[in-house]
Structure formats: C-alpha cells, structure tokens
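Respectively, the protein sequence lines represent chains A and B.
Using our numbering, the letters of the first sequence map in sequence onto residues 309 to 652.
Using our numbering, the letters of the second sequence map in sequence onto residues 309 to 652.
Number of protein chains: 2
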Amino acid sequence: MSGVTDEGGQGTAEQRWFYGVDVGGTNIKLGLVDDGGRVLARRTIPTHEPKGPADAMARIAGALPEMLAEAEGQSSGRVAAVGLATPGTMDIPSGRVLEPPNMPHWRHYDVRDDLARRVGVPVAFLNDGNAAAYGEYWIGRGRDFRSMIMLTLGTGVGGGIIVDGRLIHGSHSFGSECGHMVVDSREDARLCVWGGGRGELEAFASASAVVARTRDRLQAGEASSLQQKAEQLTAKDVYLAAREDDRLALAVIDETARYLGIAITTLVHLIDPGLVVLGGAMDFGGKGDAVGDRFLTGICEEFHNRAFHVVRDTTVIDFATLGSDAGFIGAAGYARATLDATTS
Amino acid sequence: MSGVTDEGGQGTAEQRWFYGVDVGGTNIKLGLVDDGGRVLARRTIPTHEPKGPADAMARIAGALPEMLAEAEGQSSGRVAAVGLATPGTMDIPSGRVLEPPNMPHWRHYDVRDDLARRVGVPVAFLNDGNAAAYGEYWIGRGRDFRSMIMLTLGTGVGGGIIVDGRLIHGSHSFGSECGHMVVDSREDARLCVWGGGRGELEAFASASAVVARTRDRLQAGEASSLQQKAEQLTAKDVYLAAREDDRLALAVIDETARYLGIAITTLVHLIDPGLVVLGGAMDFGGKGDAVGDRFLTGICEEFHNRAFHVVRDTTVIDFATLGSDAGFIGAAGYARATLDATTS
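In structure tokens form, the structure reads like this:
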C-alpha cells in the first residue's frame, strides 16, 4: 500500500477508523468500523453491475462523507485505510478484478487504485470469502482462535483459511477456494452449477446445488410437498419444507451435511485450524432452529466418523456469528492489519 | 527455543552449521549442513525402536563429534542449532512425540528437550513430512518458490505445506497431513492400510496401497506377470512389471496417478502454492524413466482436467530433487529459520 497517512492521534482522542467494502453481484455492503471492530455506520447500495466498476467506486467513495457524519455523532476519528473485497478471480498484487462470475462489466479493472485515488487513503484488496473469514476471525466466532477456516454457503460456496493470523491468498490470488475442493471423485459426479469442476463441494453445498439436487429428486418422482414448487424452487423452500418434516427436503439437507463433513475432514487434516465456521445465507435457520441444528449435527457426525483422533475431539465446528456483516467488517479488519504490517 | 548461543563469527571465518535429524521406524538419517544448505557430513544409524527414544537420542548426539571432525576438513564452523524430525502424531509446543505408528516404544516422550540437553544447543522439532518439504523448499525443487506443497509417497503418504516460507504445523501439530485427505467419498471406499480413515489419499497413493490394490486385482484373476509374486509383492515389483508393459501394473499406477491428480486439485484450490512436489521412495523410477514419466503425466492430466483455469496452467507439478536427504536437510534448514526468527 502506498500513501499511508501517519496516524497516532498526536494528543487528541481521535481514533483510527476503517472503511470496509464488500462487493456482491447485486449489492455492495459498506461499513465504517472502529479500531476495535465496532460498526459505526453501515449502508447497502446497489451494485448496478452493467454500469461497471468505475461508477461503483464513485458511489462507494461518495457514500463515505454521510457515514462519517453519522459516526462522528458517536466517536471521534478518521479513516486510516479502506478494505475492498470482491468476488471471483482477481490479481491481488496489482489490485485488479479479473473475471468475477455474473459481473461481465467488471472484467480486468484496477479497482484498488481507482478507489484509493477517490478516498485518498490506502486500499487493501482481497477476496470476498477471505474477507468474511477475516471478519469472523477478528471479532466474530473466531476471536479466541489463532487459526480458523470459514466456509460461506450462499449461491456458491466460498471460504477463507487463516493460519496464525494470516489469510491464505494464494500465489495466483486463488487460495482458500474451498468451494472447489473435490469431494466426489467419480467420473460421473455432479458438476458445479457455476461452471466449476466435477464433484466439487460447490456442486453439493451451495444454495444452487441444493435446489438442483431437490429438483432432480422431484423429477425422479419422489413424494414431497415441494412437487408443486419445482419451477421456482429456492433453498429457502427446501428449508421450510424440512421444518414440516418433508422427507425429500430432509434427505437433501442431510446429504449436504455429509459432503460438508467430508470437506471439513480434508480441511482439518491439511490445516488443523482448531475452528471451522459456517457462514453465508444458506444456514437452514442456523443455531437453535430444529433444521439448522440437524444440519450442523450432520456435519459434525460425518467429521467425527472420519477425522483422525488427534483433531476429532479438539476441533470446533460452528455457525458464524456476524451474519452478512462479516464481509465488510473483515475487509475493514484486513485493511487495519495490512496498515499495521506496513507501518510497523 | 531457549539457550540460543550467540553466533556471528566475531571476526573469524567460522560458519553456522546445523545438525539435521530425520527419524524413521527403521533408520535415522543424520546430516551436518552449512548455512547455505550444503551437506558436510552424513550418517545413517539404525533406530533400534525397541530400545526407545532415550537410547536413540544418545546415539544421535554421539554421532556428532565424528561428523564435526569430518566437516572440519572442508570448512570451519560450529553447530548453532539442531532440527529434529519424527513421524506420526506429536505435540510440537511441548517437544513430545505422541504415538508414532509402528514405534510403540517411543510413545509420549520429550525428544526435543532430551536431545537439546545432550547436544547443548537449541533443538527445533517438526514432523518428518514437513521436514522433507522444507528441505525441498530451502535448497531443492522449491528453491525459487515462496510457497509449495510436497507429497511424500512411501509406505504411507505424508506431506508438507509451506505458505510464504512458513510451514503449516497445525493447532494440534496435525497440519499438512496430506495423506489423510478424503479422495473417495463413497461409503464403501478403501481403507488406509495404516488404520486411517476411509477413502483417504494414503489408501491409494502409498506403497502399501499400491501393493494392496495390485493384490486385489490378482486375486480377482486379472492376468499379470505378477501372479507368481502375489505373496511377497512390493511396490517395486509393480514398477518393474510396468516397465515390461504389464497391463495390470500399468492400470494400478495410472489409478494411483488419477487419485494424486484429484488430491492435488483440491490442494491447489485451497493453497494455490505455485508448486507441488512429489517425493518419497515410491516414484516409479522418477524423472526420465518411462514409467516415472507416465506416472507424472497421469497426475498432471488429471489435474489439468479438473483445476480452475487461473491455476491450471500456472502451477508446476514435478518430482522432488533431494531424494532421501530431504528430511535431514529440511530439519537443519528449519532449525536455521527458527533460530533466525528467535534472534532477529
């Protein structure tokens, strides 16, 4: 990062604030976060994907003054750095988005330097799954852990791997792509809905995959309350049917849990992080919900049946705690860590 | 590490030397290595497993004076630290071996502090697969890479993951256990010969697994020149039969390559290291051998068919270069890196 402004307060009570930006295909989540991870102001703005990244960067920068005004009502500080998270392929060293899925107008654009010019402070650039993981690590479920892995279950499956406080970004900015683990090695294994490889986790544990597998079973004639919905089915419909003990819906959720348990076994045998966190919108009701608890229990059982004893009883598997804020909070936290690393 | 001796030469030409120790179930490999990774002296001593670890530590320390004398003929230096690599489960923070496979007399013993007392310099303790990986990273195939993964194919399958120069040891000293990745998720998948979980890489890509799978095919009545050998079959026999175009032997080797290609796809999608290196004794003749080349080509083809385009054409997959020296060289190199980290 260049253009680091010298912070430190100089006798004032002024705090370091961080601006976290989490770009998605439909919406962009923005948050002003203080040095301890507290959210002082937040916004959600539309991505307007066809207008391209420069338009979005202008609106991201444009939202900041109003958010600063809101934050100044609670505290005193100024923005020390920005964290910018985007989906899909990217080149982190050059600050470029490459070819994010479903964002054809965002290809090969230097988002990092564009935003840095507009905001006037350094921008730390990272993958959206890694940002969510970093958020949970900084102030969420992983706050008491040195290492952790997060799987984000949404339209697709993303993830972030943190080892001793460091994110695994990869040599080609393709690290921590947990959705692309091979969990079914058969030659006729399922394909990812998003054009990924055969038998990858995303073909089983994404919302799209849950819908596709449910539809396959409906078409095969399995009895279910979902039969009349087959056309506009969503993962939420599957969850709601499971709440009513629909057998097909429960079978699909149990199978999703099984493949996640297999993936987590491999992840823990490779990284041994101590904690694996499940985030993203597809949580089947999450903790305390009958279906969510069954989902988590199924994952843990598969893991327990497979994992090596040294890690089997010592690894925590749990839902994330920050919800959809994890991405912008993590982007802000990563900007903070990057600033500290470059100025120390 | 405690008791770090202050090095630096103080005007003399004296170099820092490192003593690398690679413990195996049958033999212990020892090497005196200089600051640039050059091997000045080496020994192989028997493990004498039933005599236990204290006896072995005494003999490891006892071998050093003679090796120093040998080294002093070539250069001038003194031992700044020891690197000690052991197989199986361990507790790195406390310096303890836990329950290494096939080493029942070595359980729950503080090898690190025992050896440190005997040699009088700090001892860095790590897993044997990680040590081999670090050796290749330091001065072998990975010397020009910042990150890499090594798979060691021997009686079992081990591994080491290095990200930006740091080994992934794990929160319970169970990181980088690449042999325990799940590559076949079917409920009736093969079991590891060594009591590991179902469908794990070790059940396909270890020498024991190659023998077991060959034997299964022979028992099923497949034609092969190996039929008369079925009882005392080794992986080397399979290799030699493959050299003579034995169809069964080639099929087993091709299948081994396929599962390695699947495992490497997952590894690269998680870590994106830029380099994956194959080491260990089971290299089917290695580079330049017709069978070894077919083995490596099979691995690369499976990877190319599965990997995401961003990493598909940019990731190098190759044989290791240090042979069975990788373990002690890596242990020495890791001791050097640990010393530098604690004294800088």
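Note that beta-carbon positions come from the ideal geometry of N, C-alpha and C, so glycine has one too.
From the DSSP secondary-structure annotation, give me the bridge partner or partners of residue i.
i      : result
G448/A : The partner list for G448/A (beta bridge, DSSP) is empty, contrary to what the question assumes.
I252/B : Absent from the structure is residue 252/B, since the part of chain B shown begins at 309 and ends at 652.
K359/A : The partner list for K359/A (beta bridge, DSSP) is empty, contrary to what the question assumes.
E508/B : V490/B
L604/A : Paired residues: none, contrary to the question.
R351/B : L338/B
A432/A : G391/A
Q323/B : G385/B
I625/B : V584/B
M398/A : V405/A
D330/A : K337/A, A393/A
Y417/B : V405/B
L499/A : R506/A
R474/B : V471/B
Quick one: is residue i near chain B, going by C-beta distance under 8 Å?
i      : result
S402/A : no
M489/A : yes
G582/A : yes
D271/A : The requested residue 271/A is not part of the displayed model; chain A covers only 309 to 652.
V546/A : no
R654/A : Limits of chain A in this structure are 309 at one end and 652 at the other, which puts residue 654/A out of reach.
V465/A : no
T573/A : yes
G360/A : no
V518/A : no
S455/A : yes
T650/A : no
T646/A : no
C486/A : yes
F627/A : no
T352/A : no
T622/A : yes
I607/A : no
G483/A : yes
Between the alpha carbons of residue i and residue j, how many angstroms are there, rounded?
i      : j      : result
D330/A : A639/A : 7 Å
G478/B : T573/B : 21 Å
H488/A : G385/B : 49 Å
V431/B : V501/A : 51 Å
L372/B : T629/A : 54 Å
S514/A : G464/A : 5 Å
V427/A : A369/A : 6 Å
G569/B : D553/B : 22 Å
A550/B : F627/B : 19 Å
A441/B : F453/A : 26 Å
I476/A : T623/B : 16 Å
V491/B : L604/B : 18 Å
S484/B : G448/A : 26 Å
Y417/B : I400/B : 12 Å
D562/A : T522/A : 12 Å
F592/B : A364/B : 32 Å
G529/B : R555/B : 13 Å
G582/B : R494/B : 30 Å
I336/A : T542/B : 59 Å
G504/A : L423/A : 30 Å
E539/B : G332/B : 25 Å
Taking Cβ positions only, does residue i come closer than 8 Å to chain A?
i      : result
V429/B : no
P373/B : no
S479/B : yes
R614/B : yes
V618/B : yes
F611/B : no
I561/B : no
T564/B : no
I570/B : yes
Would you mind giving the Cβ-Cβ distance between residue i and residue j, rounded to the nearest angstrom? I have them listed as a contact below 8 Å.
i      : j      : result
S532/A : A571/A : With 8 Å as the limit, S532/A and A571/A do not qualify as a contact, their Cβ atoms being about 26 Å apart.
Y567/A : L434/A : Wrong, their Cβ atoms sit about 27 Å apart, outside the cutoff.
A520/B : E510/B : Their Cβ separation, rounded to whole angstroms, is 11 Å, which puts A520/B and E510/B out of contact at 8 Å.
S402/B : D342/B : Not confirmed; about 30 Å, so no contact.
L534/B : D545/B : 6 Å
I637/A : G345/A : 6 Å
L575/B : V584/B : 7 Å
Using the beta-carbon of each residue, which ones in chain E are nearer than 7 Å to residue i?
i      : result
I469/A : In the structure shown, chain E does not exist; the protein chains are A and B.
>> Within 8 Å, do at least three Cβ pairs link the stretch 633-651 of chain A to the stretch 380-394 of chain A?
In response: Output reads yes: the stretch 633-651 of chain A touches the stretch 380-394 of chain A.
- Touching or not, the stretch 604-614 of chain A and the stretch 351-371 of chain A, by the rule of three or more beta carbon pairs under 8 Å? No contact exists between the stretch 604-614 of chain A and the stretch 351-371 of chain A.
With a threshold of 8 Å, are at least 3 pairs of Cβ atoms found where one atom belongs to the stretch 446-460 of chain B and the other to the stretch 411-428 of chain B?
Result no; under three Cβ-Cβ pairs closer than 8 Å.
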